[in-house]
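Chains as they are written, first to last, in our numbering: chain P, 402 to 693; chain H, 28 to 319; chain S, 38 to 367.
From the three backbone atoms N, C-alpha and C, an ideal C-beta is built for every residue, glycine too.
Take a look at the structure below.
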Amino acid sequence: MSSASIPDPTASLTPGGNLRRRQLVSRVAEIAATAAAVLAIAALVLVIYSVVVRGAKKISLDFIFTAYPTGVGPMLLGTLEIALIATLMAMPIGVLIALFLTEYSGAKGARTMKLVLDLVNGLPSIILGLFAFALLVDHKQQSGFAGAVALAIIELPLIARGSQEVLQLVPQGLREASDALGVARWRSVLTVVLPTALGGIITSTVLAVARAAGETAPLILTTSNFDGKSFVLNPFEALPNVPTWIYKLSEEGNPEGFNEAWGMALLLVSFILFASLGARALLARSKRKLSS
Amino acid sequence: MNYPDQSVPSRVRIQTGATAFPTAVTGTTVQPLTRPELVFDAREVSIFYGAKQALAGVTLGIRRGQITALIGPSGCGKTTFLRSLNRMNDSVSGFRIEGQILYHGHDIYGGNVDQVEVRRRIGMVFQKPNPFPKSIYDNVAWAPRNLGLRRGLDERVENALRGAALWDEVKDRLKDSALGLSGGQQQRLCIARAIAIEPDVLLLDEPASALDPIATGAIEELMHSLKGRFTIVIVTHNMQQAARVADRTAFFSLETGGEKPVGTLIEVDETEKIFAEPRDPRTRDYVTGRFG
Amino acid sequence: MSTVASPAAQAGGRGTRVSQLRKRADLIGDRLLLGICLLAALVAGAAIFLVGYQIIHGASPAISKFGLGFLTSTEWQPNFNVFGAGVLLFGTAVTSAFALLLGAPIAIAIGLFLTLLAPSGVRGVVGPLVELLAAIPSVILGFWGLLVLAPFVQSKVEPFLHSTFGFIPIFGSPQTTGLSVFTASLILTIMVIPIIASITRDLFQSVPDELQDGASALGATRWEVVRGIILPTTSSGVVAACILGLGRALGEAIAVSQVIGAGFEIKGSLFETGNTLAAQIALQFPGNLGGMHQAALYYCGVILLAIGLAANLLAQWIGRRFSYAGTVAR
Chain P
402 MSSASIPDPT
412 ASLTPGGNLR
422 RRQLVSRVAE
432 IAATAAAVLA
442 IAALVLVIYS
452 VVVRGAKKIS
462 LDFIFTAYPT
472 GVGPMLLGTL
482 EIALIATLMA
492 MPIGVLIALF
502 LTEYSGAKGA
512 RTMKLVLDLV
522 NGLPSIILGL
532 FAFALLVDHK
542 QQSGFAGAVA
552 LAIIELPLIA
562 RGSQEVLQLV
572 PQGLREASDA
582 LGVARWRSVL
592 TVVLPTALGG
602 IITSTVLAVA
612 RAAGETAPLI
622 LTTSNFDGKS
632 FVLNPFEALP
642 NVPTWIYKLS
652 EEGNPEGFNE
662 AWGMALLLVS
672 FILFASLGAR
682 ALLARSKRKL
692 SS
Chain H
28 MNYPDQSVPS
38 RVRIQTGATA
48 FPTAVTGTTV
58 QPLTRPELVF
68 DAREVSIFYG
78 AKQALAGVTL
88 GIRRGQITAL
98 IGPSGCGKTT
108 FLRSLNRMND
118 SVSGFRIEGQ
128 ILYHGHDIYG
138 GNVDQVEVRR
148 RIGMVFQKPN
158 PFPKSIYDNV
168 AWAPRNLGLR
178 RGLDERVENA
188 LRGAALWDEV
198 KDRLKDSALG
208 LSGGQQQRLC
218 IARAIAIEPD
228 VLLLDEPASA
238 LDPIATGAIE
248 ELMHSLKGRF
258 TIVIVTHNMQ
268 QAARVADRTA
278 FFSLETGGEK
288 PVGTLIEVDE
298 TEKIFAEPRD
308 PRTRDYVTGR
318 FG
Chain S
38 MSTVASPAAQ
48 AGGRGTRVSQ
58 LRKRADLIGD
68 RLLLGICLLA
78 ALVAGAAIFL
88 VGYQIIHGAS
98 PAISKFGLGF
108 LTSTEWQPNF
118 NVFGAGVLLF
128 GTAVTSAFAL
138 LLGAPIAIAI
148 GLFLTLLAPS
158 GVRGVVGPLV
168 ELLAAIPSVI
178 LGFWGLLVLA
188 PFVQSKVEPF
198 LHSTFGFIPI
208 FGSPQTTGLS
218 VFTASLILTI
228 MVIPIIASIT
238 RDLFQSVPDE
248 LQDGASALGA
258 TRWEVVRGII
268 LPTTSSGVVA
278 ACILGLGRAL
288 GEAIAVSQVI
298 GAGFEIKGSL
308 FETGNTLAAQ
318 IALQFPGNLG
328 GMHQAALYYC
338 GVILLAIGLA
348 ANLLAQWIGR
358 RFSYAGTVAR
């Protein structure tokens, strides 16, 4: 340790004693932190760049709207359908759980519920795939519905947490005013509280969909047997979908298939990124509006 | 390393052999051996936060070994001025300073000045006690360790705690968390923390305002005992406190000369004169309680 | 509650009946709403148990046949009904540990960057970008890993590491495809970083300004404030964040399966192929041979579920037990 001593107060204020070394250490730390951020951004840019550059050449109206061999329309449609079914299952339950957390539960109940939500959120998606398989596919057949059940479990904690945060921001005054007017609890929840929080609830749901739309593992086990040659609408058959098709193409080793996969990747990534960014911005705005 | 012991507070004026200098403040040559040296020489200091001006043209000298109090109504810039003395305002966005603050003749905001070096010599205690969530010992020992003052650390900690009139109360529980202390004790701990590295100056920003009257009294006694060893500048909204404790007092107020109110230094003089025969009618109004 | 009828209602009995019906509707409605909210909460709770039950049920033939030896045996021969998850456990451990060891420091540094270094404009851009990294679907990340990262790693990174550090066995000679434990670990690192970064960023932001001001006022450099105040104060939260990141790495099936090369032996070098529990399920479950093969894969699922839940619970416990909120000065 270099000699450290009490500085002469009248000496100049440039770094003296061991300060030069300490400032150097601080500077190195700052550079390292900046480098780390640059590294992460670089990874993002590299991935997005590959997807955009390699995928863009495949994108065309045909690609989006027709079936194999000219396009991947069935997969896009199937993904939408699976996401829709999953959300129809997850959203009501998620919102009800959020209402439970904000309107009805005590502190202990809320803590337990939040723990449960966190645990569900942390379940590996391949496990959810196994679950949906065991429940709905084994001894029966693959179905888009089974995949949707797994995705619904993925969406549930996100919708519940997001809605709860928005519901919490609804001013207590609104509920109190309603009570004071003698309006029943359930009426004020349905006609006052929920509508106020609706914007935030919808954006939380969009975020949940963006997350679930990219999940492959649950679908691999429940709705992956399709050929993409025709549009399938029946959810109780295997619905074509984007993630499992990309996965299949990636494992096949066929360069033409790779191109198709890049094109689908671009569509998927674009949807997810725009949905995420847009929903996040809107969510931040609704929260700000509610708490102002 | 001498810390004054906790003797009965006295208001003995320190006689030093410092060289006299003609100061811009009074414009007169001072007699040697009766005016202590100038530690801070603020010249026409104006402070802006973005477009808003917080302080206008403050010219003020702070002398060695004395306690100088900055008083005035809320929002008149006294804390802003205090924090500029150790460059704590640097992190506030939009902060801009005009004029000069000389510390022992060196411009604090000069080109090669390292703000860490500035804060090494000019310590600060804040309004609300802010002990680290560490043990009492570690709170006091943290800064010396950082600075490399590792030899005689135990002794240094003890002397600092004695100097802050806290030793007897905590000597048996140095390893306990600092957060278990009362408010007044925490503030004295913060003072001990500051004096452990033997700064030249101590800046106190309303140190007793968050404390009860008994704790306040203890802090004031402490200031008397610290006075000779350190140069102290204290911001207080409590006039009686300034009268009890300070050698010199500077009165700040909001002037609405221009379009918007700006903090201005109205008058600075020996404390007795400020309170007994202030020159400026605004000072007289304030100290006699005519306005808040 | 007696019905106070308005004069108009008193005049006609019909008005009273309407308000009585309304009151009954109110009561029923309240009870109903409470009921379905409670039901929804129970459904979520039950989900965990249902999932666990189905997985264990599916695994039971394998559990009874192989018992705990399944965890150590490295023989995986579907055609001979011999199954052991040793290789998979090893691969899971190595890839996740690597991802955490490399990813956690980077992520914490990013958290510090976003909270302390970046001016607000930069923060507003970099923050969302780092979160976007988390939004990339794993199949796309794995696909990119397969076609872009693996060739690059195989041609540039692995030879470099081998020639510089080859004396350490884990940096063995690169093999032909770049599909390796190393590449899979890199992909997992990319996935783990945004999770840890966003949590630690919130943690660092929550350290009160007064503490940082107090430390700065004592003549400490920026790094000293971080090392002495910010990191110690948030340490348990940071650990919890890392464990959550670890949980993510443990459970990742798709991306890992695309780049790890489906090796079937425990090898000493990072540059060889390997396999993990999750990846094995993704690779072999579709089109499995049924019977014991399927049960063995379910067994892998049981292990994975157990590890995943344990990691999550551990993170929750650490995060709660030592939360900073409990130590705020009064």
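Check                                                                                                                                                                                 : Outcome
Label Q114(S) either buried or exposed according to how many other C-beta atoms from any shown protein chain fall within 10 Å of its C-beta, with 16 as the threshold for buried.     : exposed
Using the DSSP secondary-structure output, state which residues sit across from E294(H) in a beta bridge.                                                                             : F278(H)
Starting from R220(H), find everything on chain S with Cβ-Cβ shorter than 9 Å and list it in chain order.                                                                             : G251, L255
Let me know the alpha helix (DSSP H) ranges lying completely inside the segment 609 to 640 of chain P, each 4 residues or longer, listed in chain order.                              : 618 to 621
Determine the extent of the beta strand (DSSP E) in which L97(H) is found, giving its start and end residues.                                                                         : 94 to 98
T606(P) touches chain S at which residues, Cβ-Cβ below 8 Å?                                                                                                                           : The premise fails here: T606(P) is roughly 15 Å from chain S at the closest Cβ pair, so nothing lies under 8 Å.
Run through DSSP, which three-state label would Y450(P) get?                                                                                                                          : helix
Output the boundary residues of the beta strand (DSSP E) element that contains I74(H).                                                                                                : 65 to 76
Relative to chain B, which residues along the segment 170 to 185 of chain H have a C-beta separation below 7 Å, given in chain order?                                                 : Looking at the structure shown, chain B is missing, and the protein chains on hand are P, H and S.
Within 10 angstroms of the Cβ of W354(S), are there 16 or more other Cβ atoms? Answer buried if so, exposed if not.                                                                   : exposed
Look at the alpha carbon of R256(H) and the alpha carbon of R306(H), and state the distance between them as a whole number of angstroms.                                              : 31 Å
Cβ closer than 9 Å: which chain S residues qualify as neighbours of G615(P)?                                                                                                          : A172, I173, P174, S175, V176, I177
If you measure from the beta carbon of R428(P) to each beta carbon in chain H, is any gap under 9 Å?                                                                                  : no
Assuming V152(H) is part of the beta strand (DSSP E), what are its boundary residues?                                                                                                 : 149 to 152
Closer than 7 Å by beta-carbon distance: list the chain H residues that pair up with I266(S), in chain order.                                                                         : F159
Identify the contact partners of I432(P) in chain H, using a Cβ-Cβ distance below 7 Å as the criterion.                                                                               : Ordered by position in chain H, no residue passes the 7 Å Cβ test against I432(P), which lies about 18 Å from the chain.
With H, G and I counted as helix, E and B as strand and the rest as coil, what does DSSP make of K300(H)?                                                                             : helix
In chain order, what residues of the segment 514 to 529 of chain P put their CB closer than 8 Å to some CB of chain S?                                                                : M514, L516, V517, L518, D519, L520, V521, G523, L524, P525, S526, I527, I528, L529
Start and end of the alpha helix (DSSP H) containing Y648(P)?                                                                                                                         : 643 to 653
Determine, using beta-carbon pairs with one atom in the segment 127 to 139 of chain S and one in the segment 303 to 323 of chain S, whether at least three such pairs fall under 8 Å. : yes
Can you find a CB in chain H that lies within less than 9 Å of the CB of S157(S)?                                                                                                     : yes
Any beta-carbon of chain P closer than 9 Å to the one on R358(S)?                                                                                                                     : no
Answer with buried or exposed for E304(H), where buried requires no fewer than 16 other C-beta atoms within 10 angstroms of its C-beta.                                               : exposed
DSSP state of G88(H), grouped into three classes?                                                                                                                                     : strand
Is it buried or exposed for E185(H), if we count other Cβ within 10 angstroms and need 16 for buried?                                                                                 : buried
State yes or no: is the C-beta of N626(P) nearer than 8 Å to some heavy atom of the ligand COA?                                                                                       : Here there are no bound small molecules, and the ligand COA is not part of this structure.
Smallest Cα separation from L15(S): which of L502(P), A430(P), G530(P)?                                                                                                               : Since the first and last residues shown for chain S are 38 and 367, residue 15(S) lies out of range.
Apart from the five residues just before and just after T597(P), which ones in its own chain have a Cβ nearer than 6 Å to its Cβ?                                                     : V571
Express the C-alpha separation of D519(P) and T503(P) in angstroms, rounding to a whole number.                                                                                       : 17 Å
Closest by CA to L149(S), which one among K193(S), V162(S), G66(S), T237(S)?                                                                                                          : T237(S)
By Cβ distance, which residues of its chain are closer than 7 Å to A667(P), with the 5 residues on each side in sequence left out?                                                    : First, the amino acid is wrong: residue 667(P) is Leu here, not Ala. Taken in chain order, the residues that qualify are V452, V453, G456, A457, I460.
What are the boundary residues of the alpha helix (DSSP H) that includes L139(S)?                                                                                                     : 123 to 149
Taking the continuous alpha helix (DSSP H) assigned at V22(H), which residues delimit it?                                                                                             : Nothing about residue 22(H) can be read from this structure; chain H reaches only from 28 to 319.
I'd like to know whether the C-beta of R215(H) is nearer than 9 Å to at least one C-beta of chain S.                                                                                  : no
How would you label Q542(P), buried or exposed, when you count the other beta carbons within 10 angstroms and need 16 or more for buried?                                             : exposed
Suppose contacts are defined by Cβ-Cβ distances below 9 Å. Is K649(P) in contact with E566(P) by that definition?                                                                     : no
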